[in-house]
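Novice: Dumping the structure here so I can ask a few things about it.
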Amino acid sequence: MDVPKDQMSTLLDHGLHSSAQMLGCFLVSSSSINADSSPHLKAENLALLGDALFREKEHKRAIHIYKQALQYCKIIPKQSTTIRSSLSAPNRSSSPNSINISALNENEVKFKIASCHCALNENKAALVEMEGIPSKTRNLQMNLLMGKLYRNSRHTRAAIACFKECLRHCPYIIEAINALAELGVMAKDIISLFPQTPNRSVRAAFDHVESGRWLQRYVEAQCCVASNDYKGGLELFTELLQRFPNNIHMLLEIAKVEAIIGKNDEAITSFEKVRSIDPYVLTYMDEYAMLLMLKSEHLKLNKLVHDLLSIDPTRPEVFVALSVLWERKDERGALSYAEKVSF
Numbered sequence: 334m335d336v337p338k339d340q341m342s343t344l345l346d347h348g349l350h351s352s353a354q355m356l357g358c359f360l361v362s363s364s365s366i367n368a369d370s371s372p373h374l375k376a377e378n379l380a381l382l383g384d385a386l387f388r389e390k391e392h393k394r395a396i397h398i399y400k401q402a403l404q405y406c407k408i409i410p411k412q413s414t415t416i417r418s419s420l421s422a423p424n425r426s427s428s429p430n431s432i433n434i435s436a437l438n439e440n441e442v443k444f445k446i447a448s449c450h451c452a453l454n455e456n457k458a459a460l461v462e463m464e465g466i467p468s469k470t471r472n473l474q475m476n477l478l479m480g481k482l483y484r485n486s487r488h489t490r491a492a493i494a495c496f497k498e499c500l501r502h503c504p505y506i507i508e509a510i511n512a513l514a515e516l517g518v519m520a521k522d523i524i525s526l527f528p529q530t531p532n533r534s535v536r537a538a539f540d541h542v543e544s545g546r547w548l549q550r551y552v553e554a555q556c557c558v559a560s561n562d563y564k565g566g567l568e569l570f571t572e573l574l575q576r577f578p579n580n581i582h583m584l585l586e587i588a589k590v591e592a593i594i595g596k597n598d599e600a601i602t603s604f605e606k607v608r609s610i611d612p613y614v615l616t617y618m619d620e621y622a623m624l625l626m627l628k629s630e631h632l633k634l635n636k637l638v639h640d641l642l643s644i645d646p647t648r649p650e651v652f653v654a655l656s657v658l659w660e661r662k663d664e665r666g667a668l669s670y671a672e673k674v675s676f
């Protein structure tokens, strides 16, 4: 008896991952005993089950299932190559959360395997999978992940190339901008990657330039900070904050720079404003904890750590904040929390 694939997709689309995982077992079993099931169909079913496992954060199992799907891809008749290659269009999502019940793209499966390895902090294995994807077929997600993996592996030149490729297609990938600045790329070189204004009316072209000017200022700010020109970076971030008031990201960047240059009171004020706008922010909260410790604001530090633990106790920032809190009470306990950050 066949199990309908479209129902599997429906479950995943509605976030019913546990049910999708169980149905996926029936789906895979059904195709395995059906003599009429093609290798392509078996591969698709396995990939769907892999997606359900990925969403349930069962990354080891997902890798195992995805690799089985790739094994079936190897024995798919050559006449189906045209069908598979047509699915490499740039507008298809390769996210592990994306589902396509009609066909399977091998490069997407490799990307999903790499994403699982990343979730397990297995960066070398992730990089091996990603390097198996031809550069011409990589989309934005793939290039961004490649850049991060190369950077973690200290392959700076390759990382820069991947981040640059991201910005050539979309200049608004802030992660790529920040990475390139931190890797020492000049602001003018980053800005030169942005797609040029197409031939339009003079007014439309002017609006395009005006709307993109803030992004150029952001690039300049990040490059100033990366080159230790903290005063210049702070001025540019402050200018951007005036244009985008209550911008959480800008406030956090300002607080970070203020802390670096020793403006501890100003940095604490900036962090407090961030938490007043969004009390669930975790980014840079370890920096905030260290500032509170320096100022002997023990009550505020206790409350901060309590709040962070209630938000997400698995984040590195929380372990650092805990380490800071315990440092004044128990150095051994502080060390145990600090060690967790490296895992």
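Reminder that position 153 of the sequence shown reads as 486 in the working numbering, one-by-one numbering, no gaps.
Just so you know, even glycine gets a beta-carbon here, dropped at the ideal spot from N, CA and C.
Note that the structure is a prediction, hence the values are computed from the model and not measured.
In this structure, how does DSSP classify K564 when only helix, strand and coil are distinguished?
Specialist: Looking at K564 - three-state DSSP - the assignment turns out to be helix.
Novice: Helix, strand or coil: which one does DSSP assign to F527?
Specialist: Correct three-state label for F527: coil.
Novice: Hey, how far is the Cα of A514 from the Cα of M623?
Specialist: Cα to Cα, A514 sits roughly 25 Å from M623.
Novice: Are the Cβ atoms of T571 and I593 separated by less than 8 Å?
Specialist: No; because the gap between Cβ atoms is not below 8 Å, this pair is not in contact.
Novice: What are the start and end residues of the alpha helix (DSSP H) that includes A577?
Specialist: Note on residue identity: the sequence assigns Phe, not Ala, to residue 577. Taken as a continuous stretch (DSSP letters only), F577 belongs to no alpha helix (DSSP H), as it is neither H nor E.
Novice: Let me check understanding here. Comparing Cα to Cα, which of K628, I493, R576, P578 lies closest to K596?
Specialist: Answer by Cα proximity: K628.
Novice: Using the three-state DSSP reduction, which class does T343 fall into: helix, strand or coil?
Specialist: If DSSP states are grouped into helix, strand and coil, T343 belongs with the helices.
Novice: Quick one: measure Cβ to Cβ for L382 and I398, integer angstroms, because I've assumed they're closer than 8 Å.
Specialist: L382 to I398, Cβ: 5 Å. Contact.
Novice: Helix or strand or just coil, what does DSSP make of M519?
Specialist: Coil, per DSSP.
Novice: Counting along the chain, where does the alpha helix (DSSP H) carrying S448 start and finish?
Specialist: Taken as a continuous stretch (DSSP letters only), the alpha helix (DSSP H) holding S448 covers 439 to 452.
Novice: Compare the C-alpha of C451 against each of L655, E439, Y483, M341 and name the closest.
Specialist: For the residues L655, E439, Y483, M341, the minimum Cα distance to C451 belongs to Y483.
Novice: If L478 sits next to M463, beta carbons under 8 Å apart, how far is it from one beta carbon to the other, in whole angstroms?
Specialist: Indeed, because the Cβ distance is near 6 Å, the residues count as touching under 8 Å.
Novice: Quick one: what's got a C-beta closer than 7 Å to S643's C-beta in the same chain, skipping five residues either side?
Specialist: Hits under 7 Å: none found.
Novice: Note the first and the last residue of the continuous alpha helix (DSSP H) segment covering P372.
Specialist: Looking at the DSSP string, the run of the alpha helix (DSSP H) that includes P372 is 372 to 388.
Novice: Considering C499, what are the terminal residues of the alpha helix (DSSP H) in which it resides?
Specialist: Note, C499: alpha helix (DSSP H), 489 to 502.
Novice: Please state whether DSSP places I510 in a helix, a strand or coil.
Specialist: Residue state, collapsed to three classes: helix.
Novice: What's the gap between the Cα of S418 and the Cα of W547?
Specialist: Note on S418: pLDDT 41, under 50, position unreliable in the model; no value is reported.
Novice: Given this structure, state the Cα-to-Cα distance separating D619 from C557, to the nearest angstrom.
Specialist: Each residue's Cα considered, the two are about 23 Å apart.
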